Every structure is written in C-alpha cells, then in structure tokens.
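**Q**
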Amino acid sequence: MKLLILGATGFLGSTLFHLAGNRNLQVIGTSRYLNENRKIIEVDVTNKHALKSTMESYDPDVVVWTLLSRENEDVLIDHGLTNLLSIIKSETKLIFLSTDAVFTGGKGGYKEADILNSLPNKAPLATYVNAKIRAERQIAESHKNHTIIRTGPLYGMDANGNIEARTQKMTRQLEQKGSVEAAADFYKTFVHIVDLSKAILEFAFHDFKGVIHLGPAEKESYFTFYKKRFESLGFISGGIEPIEIADGKENCLSVDTSLDTEKVRSMLKISFRSLND
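Using numbering that gives the first Met the number 0, you'd call the opening residue of the sequence shown number 0 and step up by one each time.
#1: According to the Cβ coordinates, are residue 84 and residue 138 closer than 8 Å?
#2: Considering just the uninterrupted stretch of the alpha helix (DSSP H) at residue 80, what are its terminal residues?
#3: Grab me the residues of residue 238's own chain with a C-beta within less than 7 Å of its C-beta, minus the 5 sequence neighbours each way, in chain order.
#4: Report all residues from its chain with a CB closer than 7 Å to the CB of residue 49; omit the five preceding and five following residues, and keep chain order.
#5: Does DSSP put residue 242 in a helix, a strand or coil?
#6: Looking at residue 32 and the ligand SAH, is the gap between the Cβ and the nearest heavy atom below 7 Å?
#7: Compare the C-alpha of residue 208 against each of 130, 198, 147, 160 and name the closest.
#8: Let me know the secondary structure DSSP gives residue 147 once reduced to three states.
#9: In whole angstroms, what is the alpha-carbon distance linking residue 258 and residue 213?
#10: Out of 33, 13, 59, 36, state which residue places its alpha-carbon closest to the alpha-carbon of residue 0.
#11: In chain order, what residues of the same chain have a beta carbon less than 6 Å from the beta carbon of residue 61, not counting five sequence neighbours either side?
#12: One question on the structure: do residue 155 and residue 205 come within less than 8 Å of each other, judged by their Cβ atoms?
#13: Between residue 182 and residue 269, is the Cβ-Cβ spacing less than 8 Å?
#14: DSSP state of residue 122, grouped into three classes?
#15: Could you give the DSSP three-state label for residue 142: helix, strand or coil?
#16: For residue 75, which residues in the same chain have their Cβ closer than 6 Å to its Cβ, ignoring the five residues on either side in sequence?
#17: Secondary structure at residue 183, three-state DSSP: helix, strand or coil?
#18: Determine, using beta carbons only, whether residue 4 and residue 15 come nearer to each other than 8 Å.
#19: Could you give the first and the last residue of the continuous beta strand (DSSP E) run that contains residue 63?
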C-alpha cells in the first residue's frame, strides 16, 4: 500500500509519518517547506499544478489530510481541498481529519449523524469551524471513497519530541506566574496523538466509508485535563485553578463538544487511552 500524508511535518502528520514508516508501508509526506527528509517533499496544496504532479507521480492508494490552519483554514479548504478533490482518483481512499468543533449546540456526547451548525462570522473560531463543515460536505458529495475522522483536542509527544502547544503554553505560564486557570465547565474528548495515528493506519486498510468519531469513552474538562497532564509530565498540579466560563454565548463557545465514540471503539483493534492511563 502507498500512503500519502499531506502535512507530514505537523503535530499529527509527523507522528503518523513516523509510525507508518516503522510498519514498512510505502509512505511519502508533503510539507509547505523544503525538508531534509527525502521522503517528505515540498508541496503547497493550494498550487494545483504541484499537487497534481505529486499525485500523478506517486499514485497513492490512500491520501491522509492532516493539514490545518486556524486563521487560514478557509484557504486550505476552498483552494487546497478543492484542488485535491478535482485530482484524486475515485478508487483512492481519502482520510480527512475534521474536528469536534463542528458541533455548536453544547450538549456533548455527539454522535456521527448529529447535525452540524455553522458559527456566526463574529465568532473567534468561525473561519476554522465553518471551513471544516464545508470540507466535510464537499467530500461527501464528490468523493465516495472517504473516511472523515472527527476528534477532540490532541495531546502527547510527536515524532519531533514536542508535546502539544496548548500544554507548552500553560507550563510556561505556570513557571512564570506560579498558577494558571483552566475551565472546569468546558468539556472535550481528548485524544492521544499516537492512538489517533494508529487508528488512521487501521482505517487505511479498513473498508469503512463515512464519518467516524475517535477517542476514549471519557470526556474531560480543561481543568481536569491540565491537572492530569501536568501530573504526567512531572509538574505540580496544585497550581491549576478551576474557573467557569458560564454558557460561552458571549464568545460563541460550545461548552461541551465531547464525542460519542462507541462506534469506533467496537470497530478497531486500537484502544484509546484515557488521561488516567
């Protein structure tokens, strides 16, 4: 099997690229920038000619989209993904990484078939969330051989030895100020980067088509996440103070975007660790 990872130097992409290589798969990755790894080539997906040349020369069996950009997600989707969908062969499997943020109702425990709702343009995450929703719909309409994976926030250590950016930021604040605040009423399904990467590789060989939610059964608030995460990294978690963000309406925040992951946990061999593991 030939695997093409779009965004192979990012937090998820680098981990997936490393694990795929260890399994002796024929894997190649892309990056927007020149990379010393000869199996990672410089390709900008918004450049249709460059992307087409890569797809034609490598002719992958599976393409994994790990690309994201909070501020410019609309460019990635409206140009990059549109380019890919106009090029990709019908028999080539597309695995697309989406997000739990496509759910804005705040009730939590979302199932795959639950309705997605766009955010108003004034919302801080509107560009990112609305582009992901457009992407899911575009893929479903134009490329039947797809697996759309929704997850909550990722954590762990990537192939470059870096932990997730949000925890890096919080540890710096803890070291500088002696304490940090985290929302005790804002819930997510946190997913370990290695578990997600292993699941993606399983889906590369799986005949499943459609949307799937990945992660453990348990949801966590940001407060409990950071408390457990700090403890696992050897920091004193007593410096974390719980706060409440109420209903989040002022910033168009959905206070509970946790996912119902029962379907995937009965489908795959990989087990998703909780923060207590």
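Every residue gets a Cβ at the ideal spot worked out from N, C-alpha and C, and that includes glycine.
Here the structure is a predicted model, which is why all the values come from computation and not from measurement.
**A** With the structure as the only source:
#1: yes
#2: Where residue 80 is concerned, there is no enclosing alpha helix (DSSP H), given that its DSSP letter is neither H nor E.
#3: Correct list, in chain order: 173, 177, 178, 179.
#4: Excluding residues up to 5 positions away in sequence, 42, 43 lie with their Cβ nearer than 7 Å to the Cβ of residue 49 in the same chain.
#5: strand
#6: Of the ligands one can find in the structure shown there are none, so the ligand SAH has no counterpart to examine.
#7: 147
#8: strand
#9: Straight-line Cα distance between these residues: approximately 8 Å.
#10: 59
#11: 2, 92, 203
#12: no
#13: no
#14: coil
#15: coil
#16: 66, 68
#17: DSSP, reduced to helix, strand and coil, places residue 183 outside both helices and strands of the structure shown, so it counts as coil.
#18: In contact: residue 4 and residue 15 (Cβ atoms closer than 8 Å).
#19: DSSP places residue 63 in the uninterrupted beta strand (DSSP E) bounded by 61–64.
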